[in-house]
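Have a look at the structure below before the remarks.
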């Protein structure tokens, strides 16, 4: 059943405190509503996700304190209870297990593990390079992405109503997969389609899902498609990376603003699961400072503001018509490994749990899907510093950031909500839609998965 | 097929007619708005409120002979005729029957209000299932789920017919999926290419990043009615790539078959590669999902192979694996004591090589790691019979020819180098009396069964006992193709797969 509740349920699993990471297990006893796990009698009362989480936490502690023997022992046990082809919790645990081994191997003291890591035996998460057609169907496997697409498109359409030129800056993890439906929707606009400009940041990083097509070719297809809908589309790629807060993109946009500021062109900034890659405060500023080139060094060095906040301020200065921010609702920014591990474990069960509802075991798509999640786990657990790019923040923190950047939240229309409901109805029963203040939240079995929010410059 | 008492004019509440069910509660449709609100009954009608249980009861009328249940008494009566039991159908009465309407038991539902009651029992039943019930019926083709079986049946008749179809043959049930696909599908490219006639190199000039060529407005196609695409001002296109029109008919986005990443680590010798490949080639055991530990051990042994100077490490490892209090006699111990997983607690024995720092100094208030491990071991024993052994099996699976020699040589050496006899392998749990561990290691006997003796035994052999070098070597040569290293010392058990089998089997048999 789809739920649509106005009041948010209490957060079921929150990291209660950052400092107290060797917490009593009973304190954060999670009651997960996901079904089917401890039913098997062989698992007794102990063999649940809590146990696995505890073992992972112990293992992480052992690795962090260089207790190699203990770490290895726990890794061993984990390996036994978490086969990579087990149920969703076992697969989840297995992903963390791999990540922990990778992490242990990286710390130079563990020679054996290092040798293994060098050999890459089966630790390397192999990420599929999608063809554009594969990716198009991949993003539709679940509402995970389509939720954001649909909400964003509705908000954008409403915001650019009446504008004759619309410039969309698409900062999306999914390589423009949202754009066709946007073009399609805007083509059917009552007053006729606007002229569309589409600017994307040329991806330089290998974050899944990866595309085997250049953005230029992708743009060609989009332009072609737009033409078939009688929409004029200009497409351009600005090589730009999240690592420096899309500095060159911002720079280009500023130049353009000088040219087009008076023309009444609507500017749409569409951020789909991309901004959480921009370094935030927990990334050691010294490394950031030395290796990156943010917009203005003096400003950066004089304050402790993060690239992430700077980016938001920068797009605010472009006076956009609307900013849509869609991202995954979790906190993976803690510098403490154990905190991060717990947080990730309590979020990433969702993709593993839901995959069972729509993809059969052994299918290629499932392999790709799980590899992408696995990649994320590894990035969060095994890496540190600039390499650790999966820096999700919860919705509340994004809201705070947006407000600090002088944005004001706007509500999604009823149209968007009903469209989303219809869409969710066509997927598995566990999906739900929640309204929290102005924002929409996609839930899986009652747990927040993805949020969508829309913003306009505050007066 | 029970008789449907269509014209008995709802003499009893239960006997309402199913064929009218869909009128009042239509299946979910997108054009709800156009319909008048369902459920605006005759104000004189008698309002019936049934509990969910009564509403959903399917077999309220049960035949005492065959226990078959019926939803309606009338149908039971008809059924009773078959048993030659007395039966009685209600006669059509002449007096006017009062109309009944039904409300939904769900309090929050609009149809809970008597003014919006539904006119027949089946209708309210379906409504209740659809709106407030579990969707139990799933379409195999499109995964849509339905709460009412008849909805499901109706859907499955048309499933696949009302879809969006691309010229390439792909079919979509949702419009936005179709549109997304369509935008990127080559069919669109081909189609539009027909009506276009641009020079193909136009785009190439445009897309190059940092192109200095002035990407000014290019009239794309005057023959079509589409507006020409314009490109942003030249100043802006510095370091940008602009695509203003598309041509390239037939450019297809072929996806190169991704071959699994081949690891070529220069500094590593063949032996290491060998063991790597062995872990990946172990799919013979049906493990494409070879467990992590496989590689851990594969490479740990391999690294020892690589660097002869490091053999002490390995020896250490071996020693460490031996249960401290029982250093000798393979035969007896393997048959009596499930040492299999005995864990070293000796200082300096760490595989991780972090030598000195043995003290485990992490605190956990709730449950000690050891306790956790034991618990987990129990659960592991019950839950995963395969992985553990698979993990070890992999170590011993065949290695490449080049690795072969090294491995053999190495194992030879290690046989000579020490007399460690009980290379138990495993965890650092206290080895006495940890029954959980026993189970963990010994697993379910079936694991050791004949299904995959070769690989698993090699791995297990490590745990179970030593062997004379001679046997070990001969065991290395056979089918496993130079199976590796550590396993070799146990070769008499698991060795070439064939011979050692029974011993290990016995061993297991007694211990588990």
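Protein chains in written order, with my numbering: chain Z, 147 to 605; chain W, 106 to 617.
Just so you know, even glycine gets a beta-carbon here, dropped at the ideal spot from N, CA and C.
Counting only C-beta atoms, is residue i closer than 7 Å to chain W at any point?
i              : result
residue 592(Z) : no
residue 323(Z) : yes
residue 588(Z) : no
residue 331(Z) : no
residue 598(Z) : no
residue 279(Z) : yes
residue 581(Z) : no
I want to verify the contact list: residues of chain W whose CB lies under 7 Å from the CB of residue i, in sequence order.
i              : result
residue 541(Z) : Within chain W, no residue comes near residue 541(Z); the closest Cβ sits about 24 Å away, beyond 7 Å.
residue 353(Z) : Near residue 353(Z) there are no residues of chain W at all, since even the closest Cβ is about 17 Å away, more than 7 Å.
residue 282(Z) : 285, 286 and 289
residue 516(Z) : None at all; the shortest Cβ gap to chain W is about 10 Å.
residue 534(Z) : Per Cβ cutoff of 7 Å: no residues; residue 534(Z) is ~21 Å from chain W at best.
residue 249(Z) : Going along chain W, no residue has its Cβ under 7 Å from residue 249(Z), so there is no contact; the nearest lies around 13 Å.
Residues bridged to residue i by DSSP?
i              : result
residue 293(W) : Note: residue 293(W) sits in no beta bridge, so no partner.
residue 415(Z) : 315(Z) and 469(Z)
residue 269(W) : 277(W)
residue 345(Z) : 315(Z) and 382(Z)
residue 166(W) : 175(W)
residue 243(W) : 250(W)
residue 587(Z) : 580(Z) and 597(Z)
residue 389(Z) : DSSP output for residue 389(Z) lists no bridge partner at all.
residue 151(W) : 205(W)
residue 556(Z) : 600(Z)
residue 356(Z) : 275(Z)
residue 99(W)  : A query on residue 99(W) cannot be resolved here, the shown segment of chain W reaching from 106 to 617 and no further.
Beta-carbon of residue i versus every beta-carbon of chain Z: anything under 7 Å?
i              : result
residue 282(W) : yes
residue 289(W) : yes
residue 442(W) : For residue 442(W), the predicted structure reports a pLDDT of 40, less than 50, and the residue's modelled location is therefore unreliable. The matter cannot be settled from this model.
residue 167(W) : no
Which residues in chain W have a C-beta closer than 9 Å to the C-beta of residue i? List them in chain order.
i              : result
residue 624(Z) : Because residue 624(Z) is not part of the residues shown, which for chain Z are 147 to 605, the question remains open.
residue 286(Z) : 277, 279, 281, 282, 285 and 286
residue 400(Z) : Simply none; closest approach about 10 Å.
residue 486(Z) : Under the 9 Å cutoff, chain W gives no residues; its nearest Cβ is about 17 Å from residue 486(Z).
residue 512(Z) : In chain order: nothing, as chain W lies at least about 12 Å away.
List the residues of chain Z that residue i touches, going by C-beta distances under 7 Å, in chain order.
i              : result
residue 240(W) : 575
residue 293(W) : 370, 371 and 374
residue 250(W) : 575
Below 8 Å on C-beta distance, what does residue i contact in chain W?
i              : result
residue 327(Z) : 281, 284 and 285
residue 367(Z) : 288, 289, 293, 294 and 351
residue 572(Z) : 249, 278 and 279
Kindly provide the ranges of any alpha helix (DSSP H) runs that are 4 or more residues long and lie completely inside the stretch 472 to 510 of chain Z, ordered along the chain. 483 to 501
Which runs of the beta strand (DSSP E) spanning at least 3 residues fall entirely within the stretch 261 to 342 of chain Z, listed in chain order? 311 to 318
Any 3 or more C-beta pairs closer than 8 Å across the stretch 299 to 308 of chain Z and the stretch 539 to 555 of chain Z: no
So, do the stretch 414 to 426 of chain Z and the stretch 450 to 466 of chain Z have three or more beta carbon pairs nearer to each other than 8 Å? yes
Those runs of the alpha helix (DSSP H) which lie wholly inside the stretch 192 to 244 of chain Z and span at least 4 residues: 195 to 210 and 214 to 227
Measuring CB atoms only, is the stretch 463 to 482 of chain Z touching the stretch 593 to 600 of chain Z, in the sense that at least three cross pairs come out at less than 8 Å? yes
On the three-pair Cβ rule with 8 Å, is the stretch 367 to 385 of chain Z touching the stretch 337 to 357 of chain Z? yes
Does the stretch 576 to 585 of chain Z come into contact with the stretch 474 to 492 of chain Z, if we say contact requires no fewer than three beta-carbon pairs (one atom in each stretch) closer than 8 Å? no
Any contact between the stretch 509 to 521 of chain Z and the stretch 236 to 256 of chain Z? By contact I mean 3 or more CB pairs, one from each, below 8 Å. yes
Using 8 Å as the threshold, is the stretch 391 to 403 of chain Z in touch with the stretch 353 to 370 of chain Z, meaning 3 or more CB pairs across them? no
Segment contact flag, the stretch 278 to 296 of chain Z with the stretch 548 to 558 of chain Z, C-beta cutoff 8 Å, min 3 pairs: no
Check whether the stretch 178 to 197 of chain W touches the stretch 242 to 255 of chain W, taking contact to mean three or more Cβ pairs, one atom from each stretch, closer than 8 Å. no
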